[in-house]
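Numbering-wise, the numbering used here comes out as the position in the sequence shown, counting from 1, plus 260. No residue lacks a Cβ here, since even glycine has one placed at the ideal position from N, Cα and C. Notes follow the structure.
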Amino acid sequence: MAVFKGGGDIGEDLIEEDRYSVFSDLFVTDEEIEAHLERFKKSIQGMHDDRPEFFKSFINIKNEVWALGQHYGLGTPLLDWTTSPLIAAFFAFEPKKDPDSSQGERVVYAIDKTKLDKLKVGESKVELFEPSYNGNKRLAAQSGLFTYVPNGVCLNELVKRCYKDVDGNEYVLIKLIIPGDDRDGFLRLLNSKENINNSSLYPDLIGVSRHCNLHFEIDDY
261 MAVFKGGGDI GEDLIEEDRY SVFSDLFVTD EEIEAHLERF KKSIQGMHDD RPEFFKSFIN
321 IKNEVWALGQ HYGLGTPLLD WTTSPLIAAF FAFEPKKDPD SSQGERVVYA IDKTKLDKLK
381 VGESKVELFE PSYNGNKRLA AQSGLFTYVP NGVCLNELVK RCYKDVDGNE YVLIKLIIPG
441 DDRDGFLRLL NSKENINNSS LYPDLIGVSR HCNLHFEIDD Y
């Protein structure tokens, strides 16, 4: 079974750059990252009073808290993935291409889940996890899960390190480059045939607003 991630414009190869792997532009030390997590935890207290017992247990699970924050703009050590290749493709094509960028090709990454443990070298591995907190509507709508990336390490380099002796016929992480010439047509097709759009993937007022805005940007959307 594979999981997928839309990477946007090929000129923004985010999965291979240290600046995206954690938040090296924002933090310097692990201690600062921990302080950032604790600040977020304190700030969201009282926001889930409808399920106080569940939230009390959830708030002490680090990756669960990171996952919640990730979907609302918090800087985290996580990368978003989805079990749906079409949802990943939407995220790859949705950003509008910079007119000055080259070709406009888009990228979708795939990780083979079944091989993460089977092929790993030593104790190191890529950690893939599915949050259990069901109060995150965005996560559910996007069929989402995450990889955890250590501070200062990009996922591409982590895969090379952990799976360096893998047979050439096997793969753990692959990168698919897709022609982006007909961005509007592709997004139009995902919307009309699959109901994959900002409104369905972000089931809140922000998602609805972004969805409505695309109707101005894309003809017959």
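Between the beta-carbon of L338 and that of F300 there is about 13 angstroms, and that puts the pair past the 8 angstroms contact cut. The beta carbon of H331 is closer than 7 angstroms to those of N396, R398, L399 in its chain, skipping five residues each way along the sequence. Inclusion of D340 and F389 in the CB contact set at 8 angstroms is not warranted, their separation being larger than that value.
Taken through DSSP and simplified to helix, strand or coil, G266 comes out as strand. In the three-state DSSP reduction, E294 falls in the helix class (H, G or I). If you check the CB distance, F446 and P345 do not come in under 8 angstroms.
Note on N473: under 16 other CB atoms within 10 angstroms of its CB, so exposed under the neighbour-count rule.
For L399, the enclosing alpha helix (DSSP H) covers residues 397 to 401. The Cβ atoms of K435 and A262 do not sit closer than 8 angstroms to each other.
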